[in-house]
Structures are given as C-alpha cells and as structure tokens.
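Engineer:
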Amino acid sequence: MNEALHRSQIIDLTTTGRRSGMPRRIEIFLHDEDGVLFITGMPRRDRTRDWIHNITADPHVIVHLKVGIKADIPATARVITDPDEARPLIEAAARRWRRDDVDEMIAHSPLIVLTAATAPEA
1433 MNEALHRSQI IDLTTTGRRS GMPRRIEIFL HDEDGVLFIT GMPRRDRTRD WIHNITADPH
1493 VIVHLKVGIK ADIPATARVI TDPDEARPLI EAAARRWRRD DVDEMIAHSP LIVLTAATAP
1553 EA
C-alpha cells in the first residue's frame, strides 16, 4: 500500500467542511518528491480554496487512491505557508507541469504536505 501511495497520481481527497462538518471530496493531483507527499494547485490571487480552509480547521483527511490500487488512507494535512519550505515542492510541481512561474506559484498556489496515518503496532 505504501508503494501505491508514494507515486504521483490523480487522487480524491476528502476534507471535513469547516462550517458544515460534512465530508467534502475533490479530485486533485498528489505529488511525491523524494518521499514527501504533497498537493498543490494552480496560482490564484483572488481567493483561498475551500479545501485549504477546511484543512486549516481540521487537518484530518482521507486520501482515496483510485488508479491501479483502490484504497482509502487516513492522513494528516499541513498547510505550508513558509516560502522557503514551499520552494522545493513548488519547483517539483512546476517541473512536472512544465511551468516557469515558480515565484507566482509560491505566492499564490495552495500547498499541503500529507502524512499518512500508520497502522498501530500489534
């Protein structure tokens, strides 16, 4: 399962609505850069995406793998706002997407790092 999680791919991500408390599911691209799982998006100056607000309110998410292997993996999401921490991950996403506006992406793209929950030891 760990191998399936640690490859860049399209996933669904479920967050908890910050006002409704209801599950909110979106399709998004999961990146893996040197073992760091992260999600970002195209830069938007006009607003912060709802899923980022939801994660800020409740960092517990579910990663739904759906290509090759199907699995629902609980994880904790951390919103990255520090430009120095964001740069290597945004640069990796920019390379994959063949973008050259890294500074714009750092300033205006959402970025979260995911830590998958580990099974309790028996």
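Counting from 1433, one number per residue, gives the positions in the sequence shown under our numbering.
A virtual CB, placed ideally from N, CA and C, is assigned to each residue, including glycine.
Computed from a predicted model, the values in this text were never measured in an experiment.
Would you report the Cα separation of Ala1396 and Ala1525, rounded to the nearest angstrom?
Structural biologist: The question about residue 1396 has no answer here: the residues shown for the chain are numbered 1433 through 1554.
Engineer: In chain order, which continuous runs of the beta strand (DSSP E) of length 3 or greater are located wholly inside the region 1446-1489?
Structural biologist: Runs of the beta strand (DSSP E) inside the region 1446-1489: 1455-1465 and 1468-1472.
Engineer: For Ala1524, which residues does DSSP report across the bridge?
Structural biologist: BP columns for Ala1524 are empty, so no partner.
Engineer: How would you call Ser1452, buried or exposed, if buried means at least 16 neighbouring beta carbons within 10 angstroms?
Structural biologist: Exposed, since its Cβ has fewer than 16 Cβ neighbours within 10 Å.
Engineer: With DSSP collapsed to three states, give me the class of Asp1533.
Structural biologist: Reduced to three states, the DSSP call for Asp1533 is coil.
Engineer: How would you call Thr1472, buried or exposed, if buried means at least 16 neighbouring beta carbons within 10 angstroms?
Structural biologist: Buried is the call here.
Engineer: According to the neighbour-count rule (16 or more other Cβ atoms, all chains shown, within 10 Å of its Cβ), is Ala1549 buried or exposed?
Structural biologist: So Ala1549 counts as exposed.
Engineer: Hey, could you find the ends of the beta strand (DSSP E) Ile1578 is sitting in?
Structural biologist: The chain is shown from 1433 up to 1554; residue 1578 falls before or after that span and cannot be answered.
Engineer: In three-state terms, what does DSSP make of Ala1549?
Structural biologist: Note: Ala1549 maps to coil in three-state DSSP.
Engineer: For Arg1457, which residues of its own chain have a beta-carbon under 6 Å away from its beta-carbon, when the five flanking residues on both sides are left out?
Structural biologist: These residues qualify, in order along the chain: Asp1444 and Thr1446.
Engineer: Quick one: Cα of Asp1478 to Cα of Ala1503, how far?
Structural biologist: Approximately 34 Å between the Cα atoms of the pair.
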